[in-house]
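Engineer:
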Amino acid sequence: MKRILCYVLAALMLVSLAACGSAQSDNPNVGTWTGVMVDALGMEGEIRDVFAQGATLELKANGNCTAIFDGDRANGKWTGSGSRLTLSIGGDDYRCTIDGDALVFEFMDDMNLIFTRNGRMPTSRVSSEPAEATDFRLTPNESASAEAPKPEAVMWIGRSVDMFGTQSDIEIVYANGVSIEIVDDGTCTLDFNGDSSTGTWEGSGSDMTINVGGQKYQTSIEGGVMTFELMEDILIFLEKDENSTTRSSADADGISGVSLADAIDWWDGEWYGTFYVYDTNEPYSDLKGTFIDVYAIIETEENGTGTVYLWSEDEEFGTVMITVSANDRSYMGTVAANGGMLFDEAVHFGDWNIDPFTCKYDNMIEIREVFTDEDGDWFDYEFLLRPWGADWEDVSSADQPLYYSWYMGVCGRPMLEVVREAGEMNHSQIR
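The sequence shown begins at 627 in this note's numbering and counts up one residue at a time.
#1: Name the DSSP bridge partner or partners of residue 702?
#2: Pick helix, strand or coil for residue 810, following the three-state DSSP scheme.
#3: Look at the alpha carbon of residue 988 and the alpha carbon of residue 933, and state the distance between them as a whole number of angstroms.
#4: Is the beta carbon of residue 898 closer than 8 Å to that of residue 935?
#5: State the DSSP-derived secondary structure class of residue 905, mapped to helix, strand or coil.
#6: At the level of alpha carbons, what is the spacing between residue 749 and residue 817?
#7: Look at the alpha carbon of residue 1051 and the alpha carbon of residue 896, and state the distance between them as a whole number of angstroms.
#8: What's the C-alpha gap between residue 915 and residue 680?
#9: Mind pulling the beta strand (DSSP E) runs of 3 or more residues that sit fully within the region 926-983?
#10: Can you name the residues that DSSP bridges to residue 749?
#11: Taking just the CA atoms, how far does residue 830 sit from residue 888?
#12: Which residue from 814, 902, 950 puts its Cα closest to that of residue 963?
#13: Taking residue 808 and residue 832 to be in contact with their CB atoms under 8 Å, please state how far apart those CB atoms are, rounded to whole angstroms.
#14: Output needed for residue 795: all residues of its chain with C-beta closer than 7 Å, excluding positions within five of it in sequence on either side, in chain order.
#15: For residue 973, which residues from the same chain have a beta carbon less than 7 Å from its beta carbon, with the 5 sequence-adjacent residues on both sides left out?
#16: Kindly indicate which three-state DSSP category residue 898 falls into: helix, strand or coil?
#17: How many Å lie between residue 704 and residue 912 at the Cα?
#18: Starting from residue 1046, trace the alpha helix (DSSP H) both ways and give me its first and last residue.
#19: Quick one: grab the DSSP three-state call for residue 1032.
#20: Grab me the residues of residue 980's own chain with a C-beta within less than 7 Å of its C-beta, minus the 5 sequence neighbours each way, in chain order.
#21: Given residue 798, which residues of its chain have a CB within under 7 Å of its CB, disregarding the five upstream and five downstream residues?
#22: How long is the line joining the alpha carbons of residue 813 and residue 918, rounded to whole angstroms?
#23: Considering only the beta carbon of each residue, do residue 662 and residue 741 sit closer than 8 Å?
#24: Considering only residues of the same chain and omitting the five flanking positions on each side of residue 1045, which have a CB-CB separation below 7 Å?
#25: In the DSSP output, what is residue 665 paired with across the bridge?
#26: Inspect the beta-carbon positions of residue 784 and residue 804 and report whether they are closer than 8 Å.
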């Protein structure tokens, strides 16, 4: 329970647990509810910003219930009917309210988790003015003045999180990582889980402050490690990017003119890389540890729309529709999924949000997500892709493709020509 509480506080500054009570077989609330939103102090965010593997509640007709948060399971009891329910677990009672097509799970005052039966945004909470999502996008602060280059002015990469004295790898809490770019003109860019914005910083070394949206975050650098105090008892530890050089305002301005066409050109083409499964629940346990080489073709249009085709030598993964966007961080821009099929399930808008700038390697696409099927079963996967023809010499041997030696002998030729000549499977939609 403490582990769950810590992770939620770190992600959205809220907490949760789950479930239970007795019910009648004809109670309309019986069934499986899938978490879709978090509402904390009137601010809303997606459930997967908090629980990378999702959250579900199963209310059974015999009065038992099961809650699964981020893969952690808890059993209990539930009672009630109509719009008022009580879920009991571990000696604690939690009130739930049925609001239209949504189940609102009340953890404490002003902290709710929102569930629906179909895993989609509840219609009872859709309005003509969409709610402002809660995340770590930072509000720019233009008060900083330019300064001479400083040793702090580099890219810092998150390595671990300490929550109430318990330390975990950064990816356990933030699947897409954390980074802080310090620029010598007093500005900074902070990226939490793929969401980035700018702020300002002041001070130096062991006494720094990062200013964001009217909030001040104490930060210090000692022994090559940056400590970012997200809140009391929650610390994020970052290390200098090994490939980082001093960030000046000229560096930041140098990419401000990047166009959509530049980003489209980078994404369009043939790609080669790896597919790895980090973790699964029981139904997908045979997939855990899977590591194979994969092919991809990305076709883009002038308006930024495009299609990603993914397959391996003997398996077709799917076809994902994307939108390419330009930004001021790099010439590569970003990509968001907006449809298609992957692993035989529908892809929804925003299921992928890819920013190559945050990837652990240069000139690479890193897709790290959790796939969940219609039954709520899941696996945590990663694609690493580089343009066909590029070498992987800067990549650790653990991340290099299994057939990298073979690849280096053929990558000077068109990828589809090589695939066909080798007699390997081609994507069904590629001719």
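For each residue, glycine too, the CB sits at the ideal point set by N, CA and C.
Structural biologist: Considering the structure as presented:
#1: As computed with DSSP, residue 702 is found in a beta bridge with 691.
#2: If DSSP states are grouped into helix, strand and coil, residue 810 belongs with coil.
#3: Rounded to the nearest angstrom, the two C-alpha atoms are 22 Å apart.
#4: A distance of 8 Å or more separates the beta carbons of residue 935 and residue 898.
#5: In the structure shown, residue 905 sits in a strand (DSSP, three-state: E or B).
#6: Distance between the alpha carbons of residue 749 and residue 817: 31 Å.
#7: Looking at the backbone, the Cα of residue 1051 and that of residue 896 are separated by about 15 Å.
#8: Looking at the two C-alpha atoms, the distance is approximately 21 Å.
#9: Whole beta strand (DSSP E) segments, 3+ residues: 931-937, 942-951, 960-968.
#10: Partner(s): none; residue 749 has no beta bridge.
#11: Computed Cα separation, rounded: 36 Å.
#12: When C-alpha distances from residue 963 are compared across 814, 902, 950, the shortest belongs to 950.
#13: Not really, about 15 Å apart at Cβ, beyond 8 Å.
#14: Same-chain partners within the cutoff: 786.
#15: Excluding sequence neighbours, residue 973 sits near 946, 963, 965, 966, 967.
#16: Correct three-state label for residue 898: strand.
#17: Residue 704 and residue 912: Cα-Cα distance of roughly 34 Å.
#18: Residues 1041-1047.
#19: In the three-state reduction of the DSSP assignment, residue 1032 falls in the helix class, which pools H, G and I.
#20: Closer than 7 Å at Cβ, skipping near neighbours: 960, 961, 991, 993.
#21: Shown here for residue 798: not one same chain residue has a beta carbon closer than 7 Å to its own, the five before and five after excluded.
#22: Rounded to whole angstroms, the separation of the alpha carbons of residue 918 and residue 813 is 41 Å.
#23: Yes. Within cutoff.
#24: For residue 1045, where only same-chain residues beyond five positions count, the Cβ hits under 7 Å are 921, 1052.
#25: In the DSSP output, where bridge partners are listed per residue, residue 665 has 670, 738.
#26: Their beta carbons are under 8 Å apart, which means residue 784 touches residue 804 by this criterion.
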